[in-house]
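To start, the structure itself, in structure tokens.
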Amino acid sequence: MTISYFIGLIVKLFLLLTPFFVLSVFVATCDGMELQQRRKLSLRTGMAVIFACLILYLFGKIIFECLGITLNAFQVGAGLVLMLNGIDMVRSSLPKNRQLPENGDPAVVPLAIPTTVGPGTIGTLLVMGASAFDRAKELHINKLVFMPAELCAIVIAGIGVTAMLYFSEKINDLLKDKGVRILSKLTGMYIVALAAQIIFDGVRGFLELD
């Protein structure tokens, strides 16, 4: 696995987690919280995101086999959901201030799931995990190296999102609402393009089977 591929994968996964949209939701959710509480919440959210992503990636193939769903079919479905998420990011405005729930920790729900790891991200990670060996073969990369490298990329991308949430007040002050909105919409455009590629791969798989 080349360094350029690994770095590109980290960037892809980082953008897949929609960091700037998550940042805006986090800032709105934490309105009025003390800095120490906000940073503790960001660390818990980051841990939940990384754990969820690793589980989805590792058990994607098993889930498909148990449900009897082909990878090509799921690629088309996941791509469509991801595309809708991207379109929604492009069209939506920044969330307004939210109140923290009186009971329960918002780190897992709603910040980690479904804000950061939403339906589109879930589908994409499942497809990545289920197709890891096939992609390693296509790229002529040892599968014993390929999967650990992708797992490492997932962790690094999750750490990147966690760092953004940890320093959310500084990043928000630097970018302002307008800057966060622009970056969120640009990320949405990337998500739409990524979704189109996933759908195309699924359709191509169907045509090759025929």
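Per my numbering, the very first residue in the sequence shown carries number 388; after that it's consecutive. In this text, a Cβ means the ideal position worked out from N, Cα and C, and glycines have one as well.
Under 8 Å Cβ to Cβ from residue i, same chain only, skipping five residues before and after it: list those, please.
i: Leu-570; result: Phe-407 and Leu-562
i: Val-542; result: Ile-437 and Leu-441
i: Val-409; result: Leu-498, Thr-502, Thr-503, Val-548, Met-551 and Leu-552
i: Met-576; result: Gly-473 and Val-477
Assign residue i to one of two classes, buried (16 or more other C-beta atoms within 10 Å of its C-beta) or exposed (fewer than that).
i: Thr-549; result: buried
i: Asn-529; result: exposed
i: Cys-539; result: exposed
i: Leu-400; result: buried
i: Phe-461; result: buried
What are the boundary residues of the alpha helix (DSSP H) that residue i is part of?
i: Glu-421; result: No alpha helix (DSSP H) holds Glu-421; DSSP gives it neither H nor E.
i: Ala-611; result: Nothing can be reported for residue 611, as the shown portion of the chain is limited to 388 through 597.
i: Ala-536; result: 530 to 553
i: Ala-519; result: 519 to 525
i: Ile-394; result: 390 to 403
i: Phe-408; result: 406 to 416
i: Ile-449; result: 447 to 454
Please name the residue in the options whose C-alpha comes closest to that of residue i.
i: Ser-429; options: Leu-552, Glu-556, Ala-582 and Phe-593; result: Leu-552
i: Ile-394; options: Lys-557, Ser-555, Gly-547 and Phe-587; result: Gly-547
i: Pro-493; options: Gln-584, Lys-427 and Leu-581; result: Lys-427
i: Tyr-392; options: Val-567, Lys-565 and His-527; result: His-527
i: Met-534; options: Phe-520, Asp-560 and Asp-588; result: Phe-520
i: Cys-417; options: Phe-554, Thr-574, Tyr-577 and Gly-473; result: Phe-554
i: Glu-556; options: Val-412, Leu-396 and Glu-595; result: Val-412
i: Ile-390; options: Tyr-577, Val-532, Thr-574 and Ile-586; result: Val-532
i: Arg-568; options: Gly-545, Arg-522 and Asp-475; result: Asp-475
i: Leu-466; options: Gly-455, Ser-479, Gly-507 and Thr-574; result: The amino acid occupying residue 466 in the given sequence is Gly; Leu does not appear at that position. Of the listed residues, the one whose Cα sits closest to Gly-466 is Gly-507.
Enumerate in chain order the residues of its own chain whose CB-to-CB distance from residue i is below 6 Å, with the five nearest sequence positions on each side excluded.
i: Asn-459; result: Gly-589, Gly-592 and Phe-593
i: Met-470; result: Val-579 and Ala-582
Is residue i a contact residue of the ligand ATP, with contact defined as CB to any heavy atom under 6 Å?
i: Phe-533; result: Ligands are entirely absent from the displayed structure, and the ligand ATP is therefore not among its contents.
Three Cβ pairs or more, each shorter than 8 Å: is that satisfied between the region 424 to 435 and the region 495 to 503? Counting Cβ pairs under 8 Å, three or more are found: they touch.
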